[in-house]
Amino acid sequence: MNKYSFTEKKDTRSGFGAGLMLAAKEMPQVVALAADLTGSVKMDAFAKAYPERFFQVGIAEANMISIAAGMAVAGKIPFTGTFAEFSTGRVYDQIRQSVAYSQANVKIYAPHSGLTVGEDGATHQALEDMGMMRMIPGMTVVHPCDYNQAVQATLAVARHQGPVYLRCGRPTVPNFTPADQVFEIGKGYVLQEGGDVTIIAIGHLVWPALEAAAALEEKGIHAEVINMATLKPLDTECVLASAKKTGCVLTCEEHQLNGGLGDAVANFLVRHYPVPMEMLGVDDQFGQSGTPQELLDFYGLNVAGIVAKAEALLARKRA
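End of the sequence shown = 304 in the working numbering, gap-free, step of one.
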């Protein structure tokens, strides 16, 4: 049985919007820039409350990043907002040169990420974004799992000094983490302890990981579930402790296997504590049009997919 419960489903992009309002009240240096998608990226409340601190740049994403870098040099804390595909692929040069190389205090906020962008299709479904950002020196990468965590993560990102990529999502998902849980950048959250297999999940796959753990429990398999809400810096102490306990690790993400959570965990474990490992994600494919759940099911990023991977991993461990 899943020991966690939820009373509502909410989208993490709305969690960002609420967190941005809290950050703005706490820090007058916080400003926001949008690329013609104010409502979609949930900056509309901020724009109404703080019109003098909101900048609509239009469909000019590269300019938006460059403007934000200049604002950071002037002492502001700028949050840029557009879809994840446009927040990374369209503006990679500006992020690398103007933000990261200069260690500018820019917060690149990217909702509408992964397969769950849904019917917008492959062109809008960013599945490579975390890998692109993770490879940039000095870039922090954060991906909260639900509304409450997105609120707290946005506050933590605003308080953090240095460039951050904050990935959020479009669909409503179970809201189950404590509303008052302070978000710590670089911390993995152990949601359930177990001794047979470690399941490390990020973003929208954290709740399915908990549901899969409950299904495995019914089969006598005790899974440890970790919400790795910060991809970079990775909580290597958390990964190592769990790998030593269970002896095998499964990662779950709504992202390409190349460059994402599985890649980061494997990179660490192969050098420090090699154990049998499996990865669940998108395997070198583009997305396609469909409802979020249809797409997650098609690519096997669901409870059944996690259970099957965990059972295959345990078979390898016991061989």
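Every residue, glycine too, gets a C-beta built ideally from N, C-alpha and C. This structure is a prediction, so every number in the text was calculated from the model and none was measured.
Asked, Found
"Collapsed DSSP secondary structure at glutamine 177 in the structure displayed", "strand"
"Arginine -2 versus arginine 75: straight-line alpha-carbon distance, rounded", "20 Å"
"Where asparagine 160 falls: helix, strand or coil (DSSP)", "coil"
"Cross-strand partners of isoleucine 187 (DSSP beta bridge)", "According to DSSP, which records beta bridges pairwise, isoleucine 187 is partnered with nothing at all."
"Classification of aspartate 269 by the beta-carbon crowding that lies within 10 angstroms, buried from 16 upward", "exposed"
"Any 3 or more C-beta pairs closer than 8 Å across the stretch 95 to 107 and the stretch 193 to 200", "no"
"Residue closest to aspartate 21, alpha-carbon to alpha-carbon, out of Met12, Ala32, Ile206 and Val15", "Ala32"
"Integer-rounded CB distance, given that serine 87 should sit under 8 Å from valine 54", "The residue asked about is misnamed: residue 54 is alanine in this sequence, not valine. So it is a contact: roughly 7 Å between Cβ atoms."
"Residue interval of the alpha helix (DSSP H) (run including alanine 295)", "288 to 303"
"Distance between beta carbons of leucine 190 and glutamate 238, contact taken as under 8 Å", "6 Å"
"Stretch-stretch touch, CB-based, cutoff 8 Å, three pairs: the stretch 139 to 147 with the stretch 178 to 186", "no"
"Paired residues, beta bridge with proline 63 - DSSP", "Val16"
"Own chain partners of aspartate 29 with C-beta closer than 7 Å, once the 5 adjacent residues on each side are dropped", "Thr23"
"DSSP state of phenylalanine 71 mapped onto helix, strand, coil", "helix"
"Validate contact between the stretch 209 to 217 and the stretch 288 to 296 using beta carbons, cut 8 Å, 3 pairs", "no"
"Minimum C-alpha distance to phenylalanine 168 - residue among Lys(-5), Met(-14), Gln82 and Phe1", "Phe1"
"Own chain partners of isoleucine 170 with C-beta closer than 7 Å, once the 5 adjacent residues on each side are dropped", "Thr125, Val127, Ala141, His145 and Thr215"
"Unbroken beta strand (DSSP E) run spanning glutamine 241, endpoints", "234 to 241"
"Residues near proline 156 by beta carbon distance below 8 Å, same chain, minus five either side", "Asp(-4), Thr101, Gly103, His189 and Pro277"
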